Amino acid sequence: MALIEAKGVHVRFGDRVVLEEVDMSVLEKECHGIMGPNGAGKTTFFNVLTGRAKPTRGELFLDGENVAGLPPHRIARKGVARSFQIMTLFDEYTARDNVMVALPQFRDRGFDMRRAAAGDSHFKSEAEKVLADVGLADKADIRAKELPYGDRRALEIAVALAQKPRVLCLDEPTSGLGTDGVQRLLGLAQKLKGKLTMIVIEHDMSFLFSLADRISVLHWGQVVARGTPLQLQENPWVKRSNLGKFS
Amino acid sequence: MIDILPHILNGLTLGLLFALIALGFMLIVGLMEQINLAHGSLFALGAYVGLQLLGPKPPLPADWTATWIALPLGWRYALTLVIAPAIVGIAGAAVELCMRRTYGKDPLYGLLLTFGAAMVIEEAIRLTWGTRDYVLQVPQTISGGFIFQDLIWSTYRFYAAGISALIIGLVWLVIEKTPFGAIVKAGAHDSEIVRALGINLSRLRLAVFIFGTMLAAVAGIIVAPIWGIRPHMGVDAVVPAFLVIVLGGVGSFWGAVSAGILVGLAVGLSGAYASEWSLLSMYILLVAVVTFRARGLFGKKSVLEA
Amino acid sequence: MNGASPNSPDAARLITPTMLIVWLLLATIPLWISRIGLYPYLGIEILIWSIYALSFNLVLGTAGLPSFGHGAFFGIGAYAFGLCQFNVSSNLWICLVVTTLAAAFAGALAALFISHRRGIYYAFMTIAFGQIFWTIAIKSHSITGGEDGLLKIARLPADFGFVSFDLKSNVSFYYFVLAVFVVIVIALWRLTHSPYGRVLSAIRQSETRAAHLGYKVWFYKASVFAISTGLSGLAGGLFAMAQLAAFPDVMSLHQSGYIVMMTLVGGGLVSFWGPVVGVFTFLIARDVIGAMTSAWMLWFGLLFIVIVLFKPEGIAGAFRSIVDSAKAKARHAQGMSALRLLFRS
Amino acid sequence: MTEPLIVLDKLKKVYTRGHFSRVPTFTLEADLTIDEPAIVGVVGPNGAGKTTLFEMMTGSNEPTGGKVIVAGTDIHRVKYRERDRLAIHYHQSYQVRRFRKVVPSFMLASSPSKKPMVHLFDEPQFNPQDGYIGFMLDFFRKLRAEGRLVFVCLHPTASYHLEILSEIAERFLLVSNGGVTPHATFKSLIGDERAKTYLGPEMIRVAGTLA
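Protein chains in written order, with my numbering: chain A, 3 to 249; chain B, 23 to 328; chain C, 2 to 346; chain D, 1327 to 1537.
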């Protein structure tokens, strides 16, 4: 059975279709790509999936339980972590503190007012472990807003990973990255693949083709195509664009 | 049932005044996404400048004074409605020029700056005019009262409500039907577009701010004969103005107008039965509405929420 | 981050060197304050308002919640202290606990309505609640004395069982308030650097992110509001003791604005001690400028505008940025050497 | 399916200027019927009225005269929020347009259908670099296979636009000077004099090789 199952998820805003009866299923430990042009509704789908937006109608099952319309913190506690297209970090915190606050153990102690957070070396080492995973080990003490762009992207992912999620949702992780940055990210994503369920929104086709197990193409708020990268690459127009055969 | 009619009428006239007071505030909040806490002080300043213009020592060049005093009161009053806001507009311009440094930062800074400006204006008023109460003279035709169905009605209240409605209508026309209004609206939604159109955004903001300030001043002159003139009147005005804006929904013109009338009715009606507590009714109204409707009655999403 | 940088060694301490210095300085105030032309009562005022401002900054600086009606809770504390003393008990400790709980309860009530709101709507709702409590205080003549206030509040003795201190003189009362101040400073320092404080600060930086990390944001916002209003109420109770009365004036919108002003002028957004610096500046400016001109608010208003325009982080912030830029220079030098290492390898 | 999918019955839109003496500035007229599911290519110069036509077909722009009947229902008599269950307009602009509500919603009928029967794609971005074109075309075919009517409005500026048009569309509409002319084949479309002047000689030459 699929871990995530969207059934007829529908979001409208005025006369604009944002999501039109979207069905989608994501298997456990699968890496599922969502691609499509700008304004296609990809981020809205993520917002519905993570509780940031309520669908007008439709159901969204996470491990058999309908989570559509639950608030973000409830969904997060069920093990869904996300990154944001427009990076949303705790800018004044250091990289380590950003990750530390994301740890579930820290969250469980969120109402502890008596002990100093800094005094707990356990949190510190946990956070540093996650930072090392994304290659930020030596930047733990730098404040998020002072990190270079590529590192901020990596930190976004670290924050999501720190939640020990079952489902990791990445919203356009390559946006704004140079070729080197994309390669580094691809390496990181491939390391994670198979360890947890991943849903990756991406505009960059070649990135997804080399990463995802299955891809859904979203346009006009609807799934216009889906399949494995191999199947999708069979499309004559895709072939032509890959070969650069356009006059 | 008949007994309640005067209270409804009273509430309606009061509501139009609230809407008028909120109007300039609404323009600045809705179109510029800036909260002008000095609105109340500028409102009070309008009343004081009006008072000075209609008094024995008008703030005019010496050789004009004689001509001015010689004019009939009705004329002077009508001209005051234009001149006083123009003078207060200068103060508004000064506030906006200071405020420029806060654009693009947390809206909190704009709010704090105008809080400071409010303090300064209020203190300046205290220094210039002292702390005593004044009464604003109005022409005979609109003062006094009349008797209708055994009740005495104040002529001025009806005049004030009428002129409020008129000004609200005019402002609506300016926003909806003139190129200025169109640009101003575009400026609120997307300043990039305005820049791309080659419009000087900072001049536009200045213009909107001055316009809002002048509306505050007009409201001050119109409301002064009813509430009286004292340094504290600014706070008395700015709080209902906030309320009206939040209740109506930030950025919604008719939201503000209908919320003004709603607040007026709430105060008017509760005043009839529990006059001690009438001011409380508007806060309770606000809490009740905002609890259930996050953005007020007709509000749209705004950067001020983030 | 509110307070010293979270990774400074001070963050984990219960009592920091700065605290000791501040307390020592404050402890000497009664010895010299009269000599510089001021008076001991000013010291009491400064301490009480400092407690109030520190508690307020928990909401504004740490959690980033724009509360513009906090005066109401200070006032509720003042009334609660008086009413408890008249009707419940003449034990100082019971009265102070009741005071704190009453204000926290009122705060929690307001928080239930406002905690789901953000930004401007949050601010306006706090104003509305402030005005509601203020109106109630003014209009309930039979309970609060209306505009005349609640008079004849006594400074109850601080009874420790084995020893009891009489607080009637300003100097002894000063030391009592200082003791409360010491406790509050320790508690708030701990709280801001605890996991709870970290979460609040995270919420300030990005409510969205915090929610997606699984934090029940509204509950944090509500709880910190209740804690802050409770402590503000405690300050209000002390103020009632200081004034020997409770007046509705402290609950007005103006007074609520002043606490925001003090906190910001001092630099509450960036520093733990900012609110205290702000209270000092404000109250001393009031007395010093006030002695020279009757328009002290005009000058202070202008000063405030200048600070917002040019140093929005406030006085403590300005100090901090000087220290930070010195540190940044040092870090820059380090970074360069790291770069060199990289190229060599 | 007995009812035609769309009927534009003497549809007319007149834009005027001035409040008192109304001067017509632009008039659009259309009269046609499409019975079967199909993919219809729509071309025409900017300002010829394509968007107005689409808006009237989806019920967001009230016509001056005539009717739009979608699958047997007059779309302008359906509740505002249910009109998208009949015909849906996918446009490029990110602006959300609200319906101009003339009649309150409760006085209008419900939509008989749950899913839209007519899909209008207003100048979809066919960007050759990202390769989405193939998926988009497949999607049009899928909708058509499900028995729906698909309109694709294009403003050909590159030769592959013409390629797309000739590959995907089965019938055509030329919107020009306020008139709507149906064409059964790509050949007849590019044979139309108005299409020739609109596309220009170079594009017509390319089109000739495709037809």
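Where is the CB? At the ideal position from N, CA and C, for every residue including glycine.
Fair warning: this is a prediction, and the values are worked out from it, not measured in the lab.
### Query
Taking Cβ to Cβ, would you say D:I1360 is nearer than 7 angstroms to D:I1332?
yes
### Given 8 angstroms, three or more beta-carbon pairs between the region 163-175 of chain B and the region 77-89 of chain B
no
### Local Cβ density within 10 Å of A:A97, reported as buried at 16 or more and exposed below that
buried
### Message
Measuring straight from C-alpha to C-alpha, what distance separates C:F166 and C:I77?
### Response
26 angstroms
#### Entry: B:T235 Cβ short of 6 angstroms to the ligand FMN heavy atom set
Ligands displayed in this structure: none; no statement on the ligand FMN is therefore possible.
### Query
Taking only beta-carbon atoms, is D:D1448 less than 7 angstroms away from chain A?
no
### Query
Between the C-alpha atoms of B:T35 and B:I243, what's the straight-line distance to the nearest angstrom?
16 angstroms
### Message
Measuring only the C-alpha atoms, how far is A:R145 from B:A229?
### Response
40 angstroms
### Query
What's the gap between the Cα of D:Y1420 and the Cα of B:S280?
Note that D:Y1420 scores a pLDDT of 46, beneath 50, so its modelled location is shaky; the value from the coordinates is reported in the next line. Approximately 30 angstroms between the Cα atoms of the pair.
### Task
Give, in chain order, every residue of the region 148-175 of chain A whose Cβ lies closer than 8 angstroms to some Cβ of chain C.
V161 and Q165
### Message
Within a Cβ cutoff of 6 angstroms, which residues of the same chain sit near D:H1402, ignoring the five residues on either side of it in sequence?
### Response
G1385
### Query
For C:S116 versus C:W219, is the C-beta distance shorter than 7 angstroms?
yes
### Message
What does the alpha-carbon distance come out to for the pair D:Y1547 and D:R1467?
### Response
An answer regarding residue 1547 of chain D cannot be provided, because it is not within the stretch 1327 to 1537 covered by chain D.
### Query
Ordered along the chain, which non-local residues of its own chain (more than five positions away) have a Cβ less than 6 angstroms from that of B:T136?
N58, L59 and A60
### Message
Give me, in chain order, the residues of the same chain whose beta-carbon lies closer than 7 angstroms to that of D:G1391; leave out the 5 immediate sequence neighbours on both sides.
### Response
K1336 and K1338
### Query
How would you write the range of the alpha helix (DSSP H) that C:L232 sits in, first residue to last?
V218 to Q244
### Stretch-stretch touch, CB-based, cutoff 8 angstroms, three pairs: the region 118-138 of chain B with the region 307-314 of chain C
yes
### Query
In the structure shown, what three-state DSSP assignment does B:Y181 receive?
helix
### Message
For A:L29, tell me which candidate among A:A164, A:L170 and A:P39 has the shortest Cα-Cα distance.
### Response
A:L170
### Query
In terms of alpha-carbon separation, which member of A:L172, A:S243 and A:G183 lies closest to A:L51?
A:L172
### Task
Using a Cβ-Cβ cut-off of less than 9 angstroms, give me the residues of the region 243-262 of chain C that come near chain B, in sequence order.
S253, L254, H255, G258, V261 and M262
### Message
Please report the distance separating the alpha-carbon of D:E1381 from that of D:R1474.
### Response
18 angstroms
### Message
What would DSSP say about A:T230, mapped onto helix, strand or coil?
### Response
coil
### Query
Between A:S218 and A:I36, is the Cβ-Cβ spacing less than 7 angstroms?
yes
### Message
DSSP three-state label for B:K199, please.
### Response
helix
### Message
So with CB distances below 8 angstroms, who are the chain B contacts of C:T136?
### Response
W299, L301, L302 and Y305
#### Entry: Rounded Cβ spacing between D:E1493 and D:L1463 (contact assumed at less than 8 angstroms)
7 angstroms
### Message
Can you find the residues in the same chain that come closer than 8 angstroms, C-beta to C-beta, to C:P249, ignoring five residues on each side of it along the sequence?
### Response
G76, W135, A138, I139, T145, G147, E148 and G150
### Query
Less than 7 angstroms separating the beta-carbons of D:A1504 and D:G1370?
Reading off the sequence shown, one finds Gly at residue 1504 of chain D, where the question assumed Ala. Cβ atoms of D:G1504 and D:G1370: not closer than 7 angstroms.
### Best match in A:L64, A:G10 and A:D140 for proximity to A:G223 [C-alpha to C-alpha]
A:G10
### Message
I need the boundaries of the beta strand (DSSP E) containing A:H34, first residue and last residue.
### Response
C33 to M37
### Query
What's the C-alpha gap between C:Q256 and C:Y53?
12 angstroms
### Message
Which runs of the alpha helix (DSSP H) at least 4 residues long sit entirely within the region 43-98 of chain B? Give them in chain order.
### Response
61-76 and 84-92
### Task
Examine the Cβ distances between the region 100-112 of chain B and the region 71-81 of chain B and report whether three or more of them are shorter than 8 angstroms.
yes
### Query
Hey, is C:A236's beta-carbon within less than 7 angstroms of any beta-carbon in chain A?
no
### Task
Compute the distance between the beta-carbons of B:A278 and B:A44, then report whether it is under 7 angstroms.
yes
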